[in-house]
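Have a look at the structure below before the remarks.
2 protein chains.
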Amino acid sequence: MKTLKTLEALATRLLEIQRINSAASVLSWDQETYMPAGGGGARAEQIATLQGLAHRTLVSPNTERLLGNWLDLGTGQPLEQDGELWDESSRALLREVWRDYSRARKLPSDFVTTLSRECSLAQQVWAEAKEEHAFQSFLPNLRTVLALKRKEAEFLGYRDSPYNALLDVYEPGSTIGALRPLFAQLKARLVPLLKRIQNSTVKIDDGFLFHAYDQARQLEFGRLVLIAMGYDFERGRLDLSAHPFTTSFHPTDVRVTTRVSEYDLPSCLFSCIHEGGHGLYDQGLDPLHFGTPLGESVSLGIHESQSRMWENCVGRSRAFWRFFYPILQATFHHQLRAVDLEQFYSVINRVKPSLIRVEADELTYNLHIMLRFEIEQDLIEGTTKPEELPEIWNHKMQEYLGIVPSHDGEGVLQDVHWSMGAFGYFPTYTLGNLYAVQFFDQARLEIPHLEDEIAAGQLMVLRRWLGQKIHRWGRMFTPDHLAQRVTGVSLSPDPFLRYVERKYGELYQLQTKQE
Amino acid sequence: MKTLKTLEALATRLLEIQRINSAASVLSWDQETYMPAGGGGARAEQIATLQGLAHRTLVSPNTERLLGNWLDLGTGQPLEQDGELWDESSRALLREVWRDYSRARKLPSDFVTTLSRECSLAQQVWAEAKEEHAFQSFLPNLRTVLALKRKEAEFLGYRDSPYNALLDVYEPGSTIGALRPLFAQLKARLVPLLKRIQNSTVKIDDGFLFHAYDQARQLEFGRLVLIAMGYDFERGRLDLSAHPFTTSFHPTDVRVTTRVSEYDLPSCLFSCIHEGGHGLYDQGLDPLHFGTPLGESVSLGIHESQSRMWENCVGRSRAFWRFFYPILQATFHHQLRAVDLEQFYSVINRVKPSLIRVEADELTYNLHIMLRFEIEQDLIEGTTKPEELPEIWNHKMQEYLGIVPSHDGEGVLQDVHWSMGAFGYFPTYTLGNLYAVQFFDQARLEIPHLEDEIAAGQLMVLRRWLGQKIHRWGRMFTPDHLAQRVTGVSLSPDPFLRYVERKYGELYQLQTKQE
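Chains as they are written, first to last, in our numbering: chain A, 3 to 517; chain B, 3 to 517.
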């Protein structure tokens, strides 16, 4: 039997490439957290140089030779001429390396460098444009990035739509064809649910949110929750950035960021828990496999399932706050002394259409994604022009959520993704929401008294379960295979829909029509 | 005439190498400022990978071909077969590129990677060993690094001593043969001066140093001075690290660090000014030449002259404090209200043999360097074994400074340099001290009323002068040529010796024997 041992020379080569990529990630992290404003131009070039190098190394004759020893470079089939079979890990490793390699070799290295540079620059221009609500000043960069991404799709090749080529990067196997019915099912049940909630007589008093909350204490509480979740600060950090994110350079150095605002208690709180969920995944990857696909996260959708599970299934549950609310209350005694657990629970679960995706409740969140999914598809297919974006955005906001931004800063400019060239990324958020509930339902089946554990602040039991079931496997299984292994079935919107219907049915005292 | 334009393709290649090096510098900066403890192992590998890549790119056939177009790869002589001459800039660029290239090609890339990795690891072990005063636990790493550096000297080749090969890296043209008489001259006049100071009847009351000084305010004051010096925070940052340092990724992103301790006002203050001096040099390099030697600092000795000039000639002068002391007094009203300018000036210039180099006064500082210069020479030549270090250190401390550390943390383990493999670095500190005064004397001749400007807080006049005379030139001239251009003569210890004799003669009311 051929094992990972057989592939050692290949793994060493991949490790070197991963180290270059890790270095680029450190530079990006610094760009978002500490880099002085003037350093942006040089930084874009540094990152582009590293990404070009990583790409050139992956598609170099040396790597090709190492790969060609073990698989058919054209089809990716592992070679077994000697009759000796590959074990499961090696087979998975070859499958995933070939996926990366065959994708990479379709892209010229110069193109990779250019794309990286233009995205870094566009991101910097976007940040300023967002601040100043000035879509027009971002438009030229958006055009450049969009043109490059359309070119990338052409390089990669696709079926049906160039958008499929980009989707597949973030969520292997995902296609418009599979996503559309998913979104349709969600829309069909979420929109009526939203209507019923809006007609509910339950009124939630959120007055306490308008108090000032000391920022340092907010961060301290965020750290406390991260520690309780099992996020290891010996192998991680919590910093501030305009947009919360998680990045990993190695399982021993995984960093999360948050933002904090005196008049927005939930923002820091839930972004800490959310990014902590991502962080646990990255800290839970097997360091022995670092550098190869077996040491990497499987897809963005699965990654997002970890953050959303912690943020929503755990962090917006009664059980969680049964333990943590007394601590929060003691931390902000003055602001929260008259607010009981039930009121707090209601407020953090309140459903209300809002302009900003990252602040959306669990129900309307997916409508934000649907809108972006549709728009970016049209942009990539060329049926929408970049200059039409603000109008289309506002129109769809009216249609799906019934509200319209007062300026582009809280509208089409709110997200960083398009400036980074991350077209095809948004749908993974909804996949994450669905996977999250499906996995969490399974965790409740398998972990005895999970709710009681959570209510006792014992969050580690869930982290351990996730580590065993998901984190440690890296890209050993495809996302779909992983879902089947963990939950017995492929991804389905039903667990999520049942979850929101039950949760909000109870919170808003909705009549159950049938049953 | 052939110009820099002719060398454009070569410059582009060098730029790419420089970007890899800049990326490695970002990773090192992060390691010293924000990296979580667990990330050290992976970080060492990332930096080693980048340094290996930079090295491989420099000695690659592609670079060689670009270089070989314009110079004789064996001798470094610019080719002028077509009869067309090179202008001064191109000639300098070729001279310096060849210096780097011919050095690099003597080292195998694997060796560069190994050296980088071992130094990163040794640095991490050293930091812990220092904390715990445990020389023995650092000894194995020191042995490894020392063996590699001795091997490096063999690769590079040398005259007289392998130490010369290492010296030349930091201070082009410098040799033991030239340094020894310099140190002898210093010793001959500094040691008697120190004796006279110690016999002086002048007693300096430093009681105010033992108060507590709020750390945030110390940092705020440090920032204020940096801004007054012209350090540009749009292109820089001030962070905390165990050991203050300056690093540059590009003239648009130059970062300084300091340390701050509640009971050590001078530490934060003078390290801010010191690193600010380094920072001004790096921010003052010509960004148009970034990537080539013309965009790099000329030597560590010249670099240190900038930091020491600002720290000592400016930052420990009466003129400087005439402006800044009232601000400092207002910042720390309670602690300083009863301390007048003259007392403050005396205390920050007090001469007293001490254990820690970076806290030494201007006079004894060079004795600390002399000790290290002698020891590291013997280490590299093999006449001293690493395990003998603590004993030799303590013995020399007794001999030169009359005091002995109570543990290795404040003795042989105090400096990071040897753990980083930076043998040959220390002498550049003394060169910096000497250059600093020589340059500053010249600045006083050329800038009208420099002292009055400084006393009015107008520090920019000096920064501009340094920018014109030194910073903007990069490696256009050798250190010696630069000294001659700026001051009319080569480096001499006389200006420095006159400066300390005058300064301390006045402060300690020493009898002038002759004159």
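The beta-carbon is built from N, C-alpha and C at its ideal position, and this holds for glycine as well.
Remember, it's a predicted structure, so these values are computed and weren't measured experimentally.
Residue i classed as buried or exposed, judged by whether at least 16 other C-beta atoms fall within 10 angstroms
i, result
"N71/A", "exposed"
"T203/B", "exposed"
"R374/A", "buried"
"K151/B", "buried"
"Y265/B", "exposed"
"Y427/B", "buried"
"V99/A", "buried"
"V193/A", "exposed"
"E154/A", "buried"
"A124/B", "buried"
"F247/B", "buried"
"I229/A", "exposed"
"K387/B", "exposed"
Residue i, DSSP secondary structure in three states
i, result
"P407/A", "coil"
"S243/A", "coil"
"D454/A", "helix"
"T77/A", "coil"
"L9/A", "helix"
"R182/A", "helix"
"G238/A", "strand"
"K4/B", "strand"
"E517/A", "In this predicted model, E517/A has a pLDDT of only 45, less than 50, meaning its place in the structure is not dependable enough to derive any value."
"R477/B", "coil"
"V227/A", "helix"
"V414/A", "coil"
"D482/B", "helix"
"A424/B", "coil"
"A362/B", "coil"
"M399/A", "helix"
"I206/A", "coil"
Beta-carbon spacing of residue i, residue j below 9 Å
i, j, result
"Q285/A", "R237/A", "yes"
"P174/B", "S301/B", "yes"
"T249/B", "W31/B", "yes"
"M311/B", "A438/B", "yes"
"F210/B", "F346/B", "yes"
"L158/A", "L168/A", "yes"
"S163/B", "Q379/B", "yes"
"V227/B", "L271/B", "yes"
"M231/A", "L436/A", "no"
"R105/A", "E47/A", "no"
"C274/B", "F442/B", "no"
"T177/B", "R161/B", "yes"
"Q416/B", "R359/B", "yes"
"H419/B", "H336/B", "no"
"R182/A", "T333/A", "no"
"P295/B", "R15/B", "no"
"I405/B", "S356/B", "yes"
"A244/A", "E453/A", "no"
"P80/B", "L96/B", "yes"
"L188/A", "T432/A", "yes"
Interface residues of chain E facing residue i [CB-CB closer than 7 Å]
i, result
"E47/B", "The structure shown contains no chain E; the protein chains it does contain are A and B."
Residue range of the beta strand (DSSP E) that includes residue i
i, result
"S250/B", "T248 to H252"
"V171/B", "It is not in any beta strand (DSSP E) - V171/B instead sits in the alpha helix (DSSP H) that spans P164 to Y172."
Start-to-end residues for the alpha helix (DSSP H) that takes in residue i
i, result
"T386/B", "First-last for T386/B: undefined, no H or E at that position."
"V256/A", "No alpha helix (DSSP H) holds V256/A; the beta strand (DSSP E) holding it covers D255 to T260."
"D496/B", "D496 to L509"
"N435/B", "P429 to E448"
"G463/A", "The sequence shown places Val at residue 463/A, not Gly. Taken as a continuous stretch (DSSP letters only), the alpha helix (DSSP H) holding V463/A covers M462 to K471."
"P63/A", "P63 to G70"
Practice problem: Go through the stretch 307 to 351 of chain B residue by residue and report every complete run of the alpha helix (DSSP H) that reaches 4 residues or more, in order. | Solution: 320 to 333, 335 to 338 and 343 to 350
Exercise. Could you tell me which uninterrupted alpha helix (DSSP H) segments, each at least 4 residues in length, are contained entirely in the stretch 267 to 299 of chain A, listed from first to last along the chain?
Key: 267 to 286
Quiz item: Where in the stretch 88 to 171 of chain A do unbroken runs of the alpha helix (DSSP H), each at least 4 residues long, occur, reported from the N-terminal end onward?
Solution: 90 to 106, 111 to 133 and 137 to 158
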